[in-house]
Amino acid sequence: MAYWKHESAIVDEGAQLGEGSKVWHFAHVSPGARIGSGCSLGQGVYVGNDVSIGDNVRIQNNVSVYDAVTLEDDVFCGPSMVFTNVYNPRAAVARKNEYRKTLVKRGATLGANCTIVCGATIGRYAFVGAGAVVQKDVADFALMVGVPARRIGWMSRHGERLRFDAAGQAVCPATGERYRLASDEQTVELIP
Numbered sequence: 265m266a267y268w269k270h271e272s273a274i275v276d277e278g279a280q281l282g283e284g285s286k287v288w289h290f291a292h293v294s295p296g297a298r299i300g301s302g303c304s305l306g307q308g309v310y311v312g313n314d315v316s317i318g319d320n321v322r323i324q325n326n327v328s329v330y331d332a333v334t335l336e337d338d339v340f341c342g343p344s345m346v347f348t349n350v351y352n353p354r355a356a357v358a359r360k361n362e363y364r365k366t367l368v369k370r371g372a373t374l375g376a377n378c379t380i381v382c383g384a385t386i387g388r389y390a391f392v393g394a395g396a397v398v399q400k401d402v403a404d405f406a407l408m409v410g411v412p413a414r415r416i417g418w419m420s421r422h423g424e425r426l427r428f429d430a431a432g433q434a435v436c437p438a439t440g441e442r443y444r445l446a447s448d449e450q451t452v453e454l455i456p
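Residue numbers (my numbering): 265 to 456.
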């Protein structure tokens with residue numbers, strides 16, 4: 265077994281887990297789940313059948329990753345954050361054929377207790393603050409807070425707030441990486 269699991273965790277036959285991944289107390293990984301290497305699934309995590317998780321993903325305690333969710337490499341899911349997969353659920357109406365896909369791109373952070381409404385794409389290295397409710401797509405590097413979530417700034421790949429000068433340039437205070445704000449101020453790119 266290339267991965268480790270706590271004795272109380274359930275990893276169903278057919279689930280794929282990469283080298284060095286860890287499944288902690290009372291977690292459950294469904295048979296169709298695909299999980300990369302070096303991942304950590306915290307206490308009480310549930311992973312559905314139609315879920316793809318990249319490498320080095322951290323899913324903190326009490327998170328359910330439902331069908332139709334894809335997490336790319338290096339994603340962080342904070343404690344008790346929520347994914348949905350049906351937009352308008354009703355107990356008496358079967359809607360499994362109406363799941364909306366959710367994509368969380370490389371390096372994004374989803375803060376504690378935030379909610380990602382199904383059908384959204386979270387951009388690369390975006391940062392969703394604790395308790396935010398995301399109802400639509402989020403740009404790469406965007407810092408999102410509130411209910412509903414709104415962009416209040418930009419974050420570096422390292423997770424530092426970016427401060428743009430009059431020329432639309434910013435430097436990550438931790439790494440020195442340089443970023444450029446588009447003229448429409450709706451996108452940010454890393455300067456090679």
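We put the beta carbon where it would ideally sit given N, CA and C, even for glycine.
Residue environment, residue i, which counts as buried when at least 16 other CB atoms sit within 10 Å
i, result
"residue 438", "exposed"
"residue 312", "buried"
"residue 450", "exposed"
"residue 323", "buried"
"residue 338", "buried"
"residue 431", "exposed"
Proximity below 9 Å, CB of residue i to CB of residue j
i, j, result
"residue 321", "residue 346", "no"
"residue 396", "residue 379", "yes"
"residue 472", "residue 388", "Examination of residue 472 is not possible in this model, given that the chain is present from 265 through 456 alone."
"residue 289", "residue 274", "no"
"residue 406", "residue 428", "no"
"residue 266", "residue 301", "yes"
"residue 351", "residue 383", "yes"
"residue 314", "residue 331", "yes"
"residue 368", "residue 393", "no"
"residue 458", "residue 423", "Residue 458 lies beyond the stretch modelled for the chain, which goes from 265 to 456, so this question has no answer here."
"residue 366", "residue 333", "yes"
Nearest-angstrom Cα separation, counted from residue j out to residue i
i, j, result
"residue 305", "residue 285", "8 Å"
"residue 448", "residue 403", "13 Å"
"residue 357", "residue 317", "29 Å"
"residue 349", "residue 398", "13 Å"
"residue 436", "residue 444", "11 Å"
"residue 446", "residue 270", "47 Å"
"residue 281", "residue 343", "21 Å"
"residue 216", "residue 413", "The requested residue 216 does not occur in the structure, where the chain is confined to residues 265 to 456."
"residue 419", "residue 440", "13 Å"
"residue 283", "residue 341", "20 Å"
"residue 454", "residue 416", "19 Å"
"residue 229", "residue 363", "This structure cannot settle anything about residue 229, because the visible part of the chain is limited to 265 through 456."
Report the residue ranges of all beta strand (DSSP E) runs contained in full by the region 366-391; include only those spanning at least 3 residues, in chain order.
366-368
Jot down the residue ranges of each uninterrupted beta strand (DSSP E) in the region 294-377, minimum 3 residues, whole runs only, in chain order.
315-317, 333-335 and 366-368
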